[in-house]
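Reading through the structure tokens given below for one structure.
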Amino acid sequence: MFFKRTQNKKFDHLPRFYKPEEDESERRKRKLKFRATSSSRKRSKLPIALILLLAIIIYFIIKLNTV
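Going by the working numbering, the first residue of the sequence shown is number 1281, and it counts up by one from there.
Below you can see the structure in the form of structure tokens.
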């Protein structure tokens, strides 16, 4: 109320060298990296499924031994 609030500093930067074709290639690289990470998520489901299957098998083995 009695103090002056700080304001953001303005930033006007014009790049000396700008190559639009390099900017486009960077976008393509980012898209490819995004696709690569999404395919790695598919692989991570396999160990979880194996652990679940193993737990079910162990459960049935214990259940058969107690009967």
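Yeah, the Cβ is synthetic: ideal placement off N, Cα and C, and Gly gets one too.
Leaving aside the five residues that flank PHE1340 on each side, none in its chain has a CB nearer than 6 Å to its CB. Straight-line spacing of the CA atoms in ARG1296 and LYS1284 works out to 36 Å.
LYS1299 has its alpha-carbon roughly 16 Å from the corresponding atom of HIS1293.
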